[in-house]
Amino acid sequence: MDVTITPQPVAPVAGPAVTERSQARRETFRQLVRRPAFIIGNIVIIGWIITAILGQRITPYDPFNQFFAGHLPPSPEHLMGTDRLGRDVLSRVMVGSRDVLIIAPLAALLGVVAGTLLGLVMGYYRGTVDDVLSRIVEAFLALPVVLVALLTLVVLGTSPLVVVCVVGILFTPIVARTVRSAVLSERQLDYVTAAKLRGESGPFILSREIFPNVLGPTVVEMTVRFGYAIFTVATLSFLGVGLQPPSPDWGLSVAEEYNNMISGAWWPTMFPALAIASAVVAVNLIADSLQSVLSE
Amino acid sequence: MARFVGRRLLLSLITIWLLVTIVFFISNVLPNDVGRTILGPFAPQESVDALNARLGTDRPIIVQYVDTLIGVVTLDFGDSYVNDDPVLPQLAAAIGRSTKLAGLALLLTIPIAIIAGLFAARRRDRVSDRAVVLLGVTSSSIPEFVTGTVLVVVVGVQLKLLPVLATPPPNADIPTQVRYLLMPAMAMAIVYFGYIARMTRAGTIEVLQSDYTRTATMKGLTTSQVMRRHVLRNALIPTVAVIAVQVGYLFGGIIAVEKIFNYNGMGQTMLFAAQRKDIPMLTAGVIVIGIVYMLATLAADMTIAWMNPRIRLDADR
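Each protein sequence line maps, in turn, to chains A and B. This note's numbering applies: residue 1 is where the first sequence begins, and numbers increase by one. This note's numbering applies: residue 297 is where the second sequence begins, and numbers increase by one.
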């Protein structure tokens, strides 16, 4: 494909194409809002985001205030009871969404950005670059995510930044594999050949021609990774290497209280646990709807 | 087939080498001073130096790296920093106990998930199909420790049906052991149900739309004959692949489950190692599980090649 042609300045995309694209986008959106799973998922996750932003301004009590010496079952005053230190569980569940809703999207974003770049390069250039990177990706995929995170957090010490980096890096190869296979089928198409014949550079073709066309799988992957990031960060907090006390984080709350379940105090464990479940299920409902609409 | 197996084995060896290199980088290169990381900032310098000498982490990085590679080949992963015993026998015993738990979880989930997937695929886009998909998305979204705590509260504490701790009394017979392991296994099984059922459904839908399925139906085979002879074999290929990939996740989720049910397997061993900063033990754990995962995907590839001649013939060409 090494035909030397003086690159002609390419005119900006003409008007009709833009309206066509925005029309397609509107059609996709219309299909999405017709799905109850998509609507329910959004209501739940937006609800949690609002509670996270408003935080202590809307909680019934101070989430760190110790009211009694210990557990108090759910009652009209404390709808979800109090935990072992006498703190209001409802207030803590409401505030507990904040940390995970900052860490998980950042980790997912890191994984998707790095993975998309890697996948684009691997899928477009093929050859030795692809072979070598594919082996490395394969090796990363064999790493058990939670165990490696445990090892890394022990080695580097626990901090939210390290959690973001570890989870993000471990998600990178998974995203790279998805994007790579999407790019592989795109690069055969005529528009890529046309761009090559125009004499466009590799980076230009990747970013301006191929990337917009693999945006669908990338958006789906971003949502899926966001769900798994909540899942993983909550698990790490539960194992004691994620967020640290006195954070009201959900996973950490479960870790602190699960020993008291057997003696009957189920409420300080159960409510944060259900909160985690609701958030991950909500994100995955959105991801599933996006996947089936965008793949049609 | 022999060439296919040979090629896959070689690729697996390269991947294992890269895996060991990544893990070596995390555990020996990332921390400036391994002894200092283990003992903390307030330990006297002499004890740090002594520990580094004992662990061999005072040697140049290249020497440590070669030593680690030789260790993996000769199955010698060094000694635990906590109790000075070789790491591998302790790990092997723990993995054995975890395999019992994981095996029971897979035994519970695989048949039910495959049946659910087939059921949904044949009723595509009807209410029952949507229900299975929704159930699948939900069940694979909930972390094992969440399902585990809910099960403990409902089944263990309120209904008192099953023991809330997973470790059976010593010398228990197999039914008793299963009874003790049932609840933690269920917590894990629920997560895998979603993956396997959705994969089976997707695979079956694709096969049901294929020309050869239509031909089989048109030449007058009954539905059960078509399913058995033509659909199942091809539809289950993605399912086999996803079950193998699950083996990796299995050992991630098992840590949390073992913590809740206080079961002395791989997960508890790794968690104790993390609490005591037993880096040799953690390193060995990650490498061993990585290799187990590699072997599982290798076995899955072999099964898939055996199920679908086109794949193995492609490799032979």
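We treat Cβ as the ideally placed atom computed from N, Cα and C, and that holds for glycine.
Contact under 8 Å by Cβ, residue i with residue j
i: Thr-434 (chain B); j: Met-495 (chain B); result: no
i: Leu-110 (chain A); j: Gly-157 (chain A); result: no
i: Ala-239 (chain A); j: Ile-551 (chain B); result: It should be pointed out that residue 239 (chain A) corresponds to Leu in this sequence rather than to Ala. Result yes, Cβ atoms of Leu-239 (chain A) and Ile-551 (chain B) sit closer than 8 Å.
i: Asp-83 (chain A); j: Glu-257 (chain A); result: yes
i: Asn-153 (chain A); j: Val-145 (chain A); result: Looking at the sequence provided, one finds Leu at residue 153 (chain A) rather than Asn. Not a contact, by the Cβ cut-off of 8 Å.
i: Thr-19 (chain A); j: Val-112 (chain A); result: no
i: Asn-560 (chain B); j: Thr-463 (chain B); result: yes
i: Leu-170 (chain A); j: Leu-143 (chain A); result: yes
i: Arg-304 (chain B); j: Leu-594 (chain B); result: yes
i: Thr-172 (chain A); j: Ala-114 (chain A); result: yes
i: Pro-246 (chain A); j: Phe-64 (chain A); result: yes
i: Thr-235 (chain A); j: Phe-441 (chain B); result: yes
i: Met-122 (chain A); j: Val-453 (chain B); result: no
i: Ala-229 (chain A); j: Ala-52 (chain A); result: no
i: Leu-537 (chain B); j: Ile-486 (chain B); result: According to the sequence provided, residue 537 (chain B) is Ala. The question's Leu does not apply to it. No, the Cβ-Cβ distance between Ala-537 (chain B) and Ile-486 (chain B) is not below 8 Å.
i: Ala-108 (chain A); j: Arg-225 (chain A); result: yes
i: Gly-392 (chain B); j: Leu-147 (chain A); result: no
i: Ile-411 (chain B); j: Ile-539 (chain B); result: no
i: Ala-282 (chain A); j: Gly-41 (chain A); result: yes
i: Gln-66 (chain A); j: Leu-85 (chain A); result: yes
i: Gly-289 (chain A); j: Arg-35 (chain A); result: Inspection of the sequence shows that residue 289 (chain A) is occupied by Ser rather than by Gly. Contact: yes.
i: Leu-285 (chain A); j: Ala-37 (chain A); result: yes
i: Gly-251 (chain A); j: Ile-210 (chain A); result: no
i: Ala-265 (chain A); j: His-78 (chain A); result: no
Cβ distance (whole Å) where residue i is taken to contact residue j below 8 Å
i: Ala-481 (chain B); j: Leu-397 (chain B); result: 6 Å
i: Leu-497 (chain B); j: Ala-416 (chain B); result: It should be noted that the sequence gives Arg, not Leu, for residue 497 (chain B). That belief holds up - the Cβ atoms of Arg-497 (chain B) and Ala-416 (chain B) are roughly 5 Å apart, short of 8 Å.
i: Leu-461 (chain B); j: Phe-557 (chain B); result: 6 Å
i: Glu-554 (chain B); j: Gln-542 (chain B); result: With a Cβ gap of about 17 Å, Glu-554 (chain B) and Gln-542 (chain B) do not count as contacting.
i: Leu-206 (chain A); j: Tyr-124 (chain A); result: 6 Å
i: Leu-101 (chain A); j: Leu-118 (chain A); result: That belief does not hold up - the Cβ atoms of Leu-101 (chain A) and Leu-118 (chain A) are roughly 26 Å apart, past 8 Å.
Residue i, buried or exposed, once every other Cβ within 10 Å from all chains shown has been counted against 16
i: Phe-29 (chain A); result: exposed
i: Tyr-377 (chain B); result: buried
i: Ser-253 (chain A); result: buried
i: Glu-221 (chain A); result: buried
i: Arg-525 (chain B); result: exposed
i: Asp-2 (chain A); result: A caution first: Asp-2 (chain A) carries a pLDDT of 49, below 50, which makes its placement in the model unreliable, though a value can still be read off. Classification of Asp-2 (chain A): exposed, given that the 10 Å Cβ count is below 16.
i: Asn-467 (chain B); result: exposed
i: Met-297 (chain B); result: exposed
i: Ala-14 (chain A); result: Unreliable placement is indicated for Ala-14 (chain A), whose pLDDT of 49 sits below 50; no coordinate value is reported for it.
i: Asp-249 (chain A); result: buried
i: Thr-128 (chain A); result: exposed
i: Ser-97 (chain A); result: buried
i: Arg-606 (chain B); result: exposed
i: Trp-602 (chain B); result: exposed
i: Pro-471 (chain B); result: exposed
i: Ile-322 (chain B); result: buried
i: Met-514 (chain B); result: exposed
i: Thr-509 (chain B); result: buried
i: Gln-571 (chain B); result: exposed
Neighbourhood of residue i by C-beta, 7 Å cutoff - its chain only, sequence neighbours within 5 removed
i: Ile-39 (chain A); result: Val-33
i: Pro-60 (chain A); result: Asp-88, Leu-90, Ser-91
i: Leu-365 (chain B); result: Val-316
i: Ile-334 (chain B); result: Leu-347, Tyr-377, Lys-573, Ile-575
i: Gly-367 (chain B); result: Phe-373, Gly-374
i: Phe-271 (chain A); result: Met-80, Val-89, Val-93
i: Ile-312 (chain B); result: Ile-587, Met-590
i: Arg-419 (chain B); result: Asp-425
i: Ile-408 (chain B); result: Phe-489
i: Leu-477 (chain B); result: Lys-396, Leu-397, Leu-400, Ala-462
i: Thr-500 (chain B); result: Gly-413, Leu-414, Ala-417, Val-527, Ala-531
i: Arg-613 (chain B); result: Residue confidence is low: Arg-613 (chain B) scores 47 on pLDDT, short of 50, so the model does not pin down where it sits. No coordinate-derived value is stated.
Own chain, CB closer than 8 Å to residue i, minus 5 neighbours either side, in chain order
i: Ile-357 (chain B); result: Asn-324, Val-325
i: Val-155 (chain A); result: none
i: Leu-387 (chain B); result: Phe-373, Met-562, Thr-565, Met-577, Ala-580, Gly-581, Val-584
i: Gly-164 (chain A); result: It should be noted that the sequence gives Val, not Gly, for residue 164 (chain A). Closer than 8 Å at the Cβ level, and outside the excluded window around Val-164 (chain A), lie Ile-103, Leu-106, Ala-107, Leu-110.
Own chain residues within Cβ distance below 6 Å of residue i, not counting five before or after
i: Gly-432 (chain B); result: Gly-490, Ala-493, Arg-494
i: Leu-546 (chain B); result: Ala-398
i: Trp-48 (chain A); result: Ser-97, Ala-279
Name, going along the chain, the residues of the segment 88-113 of chain A whose beta-carbon falls closer than 7 Å to a beta-carbon of chain B.
-> Listed by position, the residues of the segment 88-113 of chain A near chain B (Cβ gap below 7 Å) amount to none.
Chain B contacts from the segment 30-48 of chain A (Cβ-Cβ distance under 9 Å) = Within the segment 30-48 of chain A, the residues whose Cβ lies closer than 9 Å to some Cβ of chain B are Ala-37, listed in chain order.
Could you list the residues in the segment 113-146 of chain A with a C-beta less than 9 Å from some C-beta on chain B, going in chain order?
-> Within the segment 113-146 of chain A, the residues whose Cβ lies closer than 9 Å to some Cβ of chain B are Arg-135, Ile-136, Glu-138, Ala-139, Phe-140, Leu-141, Ala-142, Leu-143, Pro-144, Val-145, Val-146, listed in chain order.
Please name the residues in the segment 314-341 of chain B whose beta-carbon is closer than 7 Å to at least one beta-carbon of chain A, in chain order.
-> Within the segment 314-341 of chain B, the qualifying residues are Leu-314, Leu-315, Ile-318, Ile-322, Ser-323, Leu-326, Pro-327, Thr-333.
Taking any Cβ of chain B, which residues in the segment 270-282 of chain A have a Cβ under 7 Å from it, in chain order?
-> Taken in chain order, the members of the segment 270-282 of chain A whose beta-carbon sits within less than 7 Å of a beta-carbon on chain B are Met-270, Ala-273, Ile-276, Ala-277, Val-280, Val-281.
Listed in chain order, which residues of the segment 564-587 of chain B have Cβ atoms closer than 9 Å to some Cβ of chain A?
-> The residues in question are Met-566, Leu-567, Ala-569, Ala-570, Gln-571, Lys-573, Asp-574, Ile-575, Leu-578, Thr-579, Gly-581, Val-582, Ile-585, Gly-586, Ile-587.
What residues in the segment 228-260 of chain A bring their beta carbon closer than 7 Å to a beta carbon of chain B?
-> Those residues of the segment 228-260 of chain A that come within reach of chain B (Cβ to Cβ, closer than 7 Å) are Phe-231, Ala-234, Thr-235, Phe-238, Leu-239, Val-241, Val-254, Tyr-258.
Scan the segment 445-469 of chain B for residues whose Cβ lies nearer than 7 Å to a Cβ of chain A and list them as they occur along the chain.
-> Interface annotation for the segment 445-469 of chain B against chain A: Thr-445, Val-446, Val-448, Val-449, Val-453, Val-460, criterion Cβ-Cβ distance under 7 Å.
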